[in-house]
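In the UniProt record's numbering, the protein residues as written are 1 to 109.
For reference, the structure discussed in these notes is given below.
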């Protein structure tokens with residue numbers, strides 16, 4: 001597996017490890033692009049905490065910041081890093097399935 005794929009997958013997994021970040025991603029997925037203030041109004045997380053989580057999500061490439069009106073920044077989901085992480089997991093599953101199938105066949109005999 002290419003090192004860049006592993007690095008992207010690792011950043012995604014680190015970002016998804018925190019329940020608050022998963023909540024923020026779910027809110028963006030259901031409600032569309034939003035500012036940290038918009039998200040704070042909908043979620044039980046302070047605006048400052050949301051801003052910190054959004055910075056980490058942006059670093060992982062899962063959200064992108066777009067300038068809005070009155071210097072407000074809106075955050076929009078990006079699916080590309082998630083797709084890379086899914087491909088990483090699919091490849092890992094394929095690598096596991098073959099030895100596990102061989103072991104099951106051996107034990108069945």
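By construction, the Cβ of each residue, glycine as well, lies at the ideal position given by its N, Cα and C atoms.
Spatial distance of residue i from residue j (CA atoms)
| i | j | result |
| --- | --- | --- |
| residue 62 | residue 109 | 47 angstroms |
| residue 34 | residue 28 | 7 angstroms |
| residue 67 | residue 73 | 5 angstroms |
| residue 105 | residue 89 | 24 angstroms |
| residue 95 | residue 86 | 14 angstroms |
| residue 32 | residue 93 | 32 angstroms |
| residue 53 | residue 83 | 20 angstroms |
Best match in the options for proximity to residue i [C-alpha to C-alpha]
| i | options | result |
| --- | --- | --- |
| residue 24 | 96, 67, 66 and 44 | 44 |
| residue 57 | 87, 95, 79 and 71 | 79 |
Run of the alpha helix (DSSP H) containing residue i, from where it starts to where it stops
| i | result |
| --- | --- |
| residue 49 | 47-59 |
Unbroken beta strand (DSSP E) run spanning residue i, endpoints
| i | result |
| --- | --- |
| residue 65 | 63-67 |
Nearest-angstrom Cβ-Cβ length linking residue i and residue j, presumed shorter than 8 angstroms
| i | j | result |
| --- | --- | --- |
| residue 20 | residue 49 | 7 angstroms |
Buried or exposed (CB count within 10 angstroms, at least 16 for buried), residue i
| i | result |
| --- | --- |
| residue 14 | exposed |
| residue 26 | exposed |
| residue 39 | buried |
| residue 91 | exposed |
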